[in-house]
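Asks:
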Amino acid sequence: MSPSHITFHRPDFGMEELQLVEEVLKSGWVTSGPKVREFEEAIKDYVNCPCTVALNSCTAAMHVALAGWGVGPGDEVITTPFTFCATVEAIEYVGATPVLADIDPLTGNIDPECVREKLSERTKVIIPVHYAGLPCELGKLGDIAKANNLKILEDAALALGSSLNGRRIGAHSDAVAFSFYATKNLSTGEGGMLACQDEAFADKCRRLSLHGMNRDAWKRYGAGGKWYYEICELGFKYNLTDIAAAMGIAQLGKLERANDRRREIAAAYIAAFRKIPFINPFQWDLSNEVVHNRHLFPLVLKLDALSIDRERFIEQLGEAGIGTSVHYIPIYRHPYYRDRYNFDSGEYPNTESIYSAVISLPIYPALDDEDVQRVIEAVKRIGFMHQK
Ligand SMILES: Cc1ncc(COP(=O)(O)O)c(C=O)c1O
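Residues in the sequence shown are numbered from 1203 upward in steps of one, following the numbering used here.
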């Protein structure tokens, strides 16, 4: 019998999620209400930040943060090309212009020196993305922001549970956007959260997330509520449901255990690949200041040591029953952004070289040790077979 396929990702939902979701369904209140407030408090306590706003995606969280600061046409926002399109979409939604700064080839994270080169009079915000969940150099980026009167909005879609200098991601910057999408370390199917420092800003983002309404439905239809509300500004429909929040509360209870298992799997990959001549030690040796939640395990090939390219490597892993992915197709390679901004891939040599060689291996708590060994054996076998 051929061994079963190891999928790239499998979510970890169980009785805890079922019980809390059942409670919500039976309660008669399924949209944003008490469970959303409870989930916001729980994430606030977990990351240790002053305020949180639950939203239906990380994209929405980034959009309301930029809108909440009044970023708009004529403004520039500096971010990395090595990210999902959502980061740049949020900049476009408010009519601002994305400016891309190249990455550090050892980490995949935005290089603060490249950010410095892209600053202009019009720069208003920097959006660092914690690639694979590894914290960016927030100290250096914070210094740049302070010296130039800029805001920092962290795209922490992948980084819940990572920390830097003893503080979790979520506690460091003006605003931090998390994703609870299907594949994330904490998943509500779809969902997001904005962590921020200032109650007035949080209130503004909360209003923007619900049509610009001054009183939400829970305040109107809950016990003692009044029916009247006013629209005070143009808003969006980005609120999270109590059903999703119930899943999030259950998932948060398991997050540390799940992240520990991810770190165990990452350690097994690193130990197995350390002496392999065709593998680049990307994101392996971390400084003591960093805790990595190992959301992704990016395997970076040394292409000049191999006679096959990344595509062929992925195909052969697929034939061996190993599901993989690639994070990310650089922003400047997508036709929409390339044509709109005339981006030139030659300006981003580090992103180009990592992108051409990276493969995301399976890493999630439901993988057992035998699965991990199968992934390792397949990578080694394919690589040694095609070594130059
Ligand atoms: C770096 C990054 N930012 C933002 C997002 C968007 O998250 P969401 O689907 O919650 O909007 C993703 C999604 O995977 C992502 O990888």
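Don't be surprised by glycine CBs; every beta carbon is placed ideally from N, CA and C.
Being a predicted model, the structure only gives us computed values, none of them experimental.
Let me know the beta strand (DSSP E) ranges lying completely inside the region 1267-1317, each 3 residues or longer, listed in chain order.
Replies: Those beta strand (DSSP E) runs which fall completely within the region 1267-1317 and span 3+ residues are 1278-1281, 1299-1302.
Asks: Indicate the three-state DSSP secondary structure (helix, strand or coil) for residue 1546 in the structure shown.
Replies: Three-state result, residue 1546: coil.
Asks: Ignore the nearest five residues each way along the sequence and tell me which others in residue 1550's own chain have a CB closer than 6 Å to its CB.
Replies: Once the five neighbours on either side are set aside, the close Cβ partners of residue 1550 are 1283, 1304.
Asks: Whose CA, out of 1210, 1453, 1534, 1296, lies closest to the CA of residue 1546?
Replies: Taking only the C-alpha atoms, the option nearest residue 1546 is 1534.
Asks: Which value, in whole angstroms, describes the spacing of the CA atoms of residue 1276 and residue 1341?
Replies: Straight-line Cα distance between these residues: approximately 27 Å.
Asks: Could you check if residue 1329 is buried or exposed, using at least 16 other CB atoms within 10 Å of its CB as the buried criterion?
Replies: Buried: at least 16 other Cβ atoms inside 10 Å.
Asks: Specify whether the region 1551-1570 and the region 1438-1452 touch according to this definition: at least 3 beta carbon pairs, one from each stretch, less than 8 Å apart.
Replies: In short, these stretches do not touch, since the Cβ pair count stays below three.
Asks: Mind listing which residues have their beta carbon within less than 6 Å of any non-hydrogen atom of ligand 1? Chain order is fine.
Replies: So the residues near ligand 1 by this Cβ test are 1259, 1260, 1261, 1285, 1286, 1288, 1289, 1331, 1357, 1359, 1360, 1381, 1383, 1394.
Asks: Return the first residue and the last residue of the beta strand (DSSP E) that residue 1395 is part of.
Replies: 1394-1398 is the span of the beta strand (DSSP E), which, as asked, contains residue 1395.
Asks: Answer yes or no: does any C-beta atom of chain C fall closer than 8 Å to that of residue 1561?
Replies: As a matter of chain content, chain C is missing from the structure shown, which is built from one protein chain.
Asks: Run through the DSSP bridge pairs and tell me what residue 1356 is partnered with.
Replies: Paired residue(s): 1378.
Asks: So within the region 1473-1546, which uninterrupted beta strand (DSSP E) runs reach at least 3 residues, ignoring any that extend past its ends?
Replies: For the region 1473-1546, whole beta strand (DSSP E) runs of length 3 or above, ordered along the chain, are 1499-1503.
Asks: Looking at the unbroken alpha helix (DSSP H) that takes in residue 1556, where does it start and where does it end?
Replies: Start and end: 1551-1559.
Asks: Is the Cβ-Cβ distance between residue 1621 and residue 1467 less than 8 Å?
Replies: Any question about residue 1621 goes unanswered here, given that the chain covers just 1203 to 1590.
Asks: Whole-angstrom Cβ separation of residue 1262 and residue 1372, contact assumed at under 8 Å?
Replies: Not really, about 17 Å apart at Cβ, beyond 8 Å.
Asks: Does any heavy atom of ligand 3 sit closer than 7 Å to the C-beta of residue 1484?
Replies: Ligands in the displayed structure: ligand 1; ligand 3 is not one of them.
Asks: For residue 1169, which of helix, strand or coil comes out of DSSP?
Replies: For residue 1169 there is no data in the structure shown, the boundaries of the chain being 1203 and 1590.
Asks: Should residue 1563 and residue 1526 be called a contact, given that it needs their Cβ atoms to be closer than 8 Å?
Replies: Yes, the Cβ-Cβ distance between residue 1563 and residue 1526 is below 8 Å.
Asks: Can we say the region 1282-1297 touches the region 1352-1366, given the rule of at least three CB pairs closer than 8 Å?
Replies: They touch, by the three-pair rule.
Asks: Quick one: give me the first and last residue of the alpha helix (DSSP H) that residue 1578 is part of.
Replies: 1571-1587 is the span of the alpha helix (DSSP H), which, as asked, contains residue 1578.
Asks: Go ahead and label residue 1271 buried or exposed: buried means 16 or more other beta carbons lie within 10 angstroms of its beta carbon, across all protein chains shown.
Replies: The residue in question, residue 1271, is buried, as its Cβ has 16 or more Cβ neighbours within 10 Å.
Asks: DSSP three-state call for residue 1364: helix, strand or coil?
Replies: Three-state result, residue 1364: coil.
Asks: Using the Cα positions of residue 1208 and residue 1260, report the straight-line distance between them to the nearest angstrom.
Replies: Roughly 28 Å between the two C-alpha positions.
Asks: Name the DSSP bridge partner or partners of residue 1415?
Replies: Partner(s): 1433.
Asks: I'd like the span of the alpha helix (DSSP H) that includes residue 1237, first residue to last.
Replies: Note, residue 1237: alpha helix (DSSP H), 1236-1249.
Asks: Alpha carbon to alpha carbon, how far is residue 1220 from residue 1226? Give it in angstroms, no decimals.
Replies: Cα to Cα, the separation comes out at about 10 Å.
Asks: Note down the Cα distance separating residue 1370 from residue 1344, rounded to an integer number of angstroms.
Replies: So the alpha carbons of these two residues sit roughly 16 Å apart.
Asks: Out of curiosity, what's the CA-to-CA distance linking residue 1587 and residue 1512?
Replies: Rounded to whole angstroms, residue 1587 to residue 1512 spans 14 Å at the Cα level.
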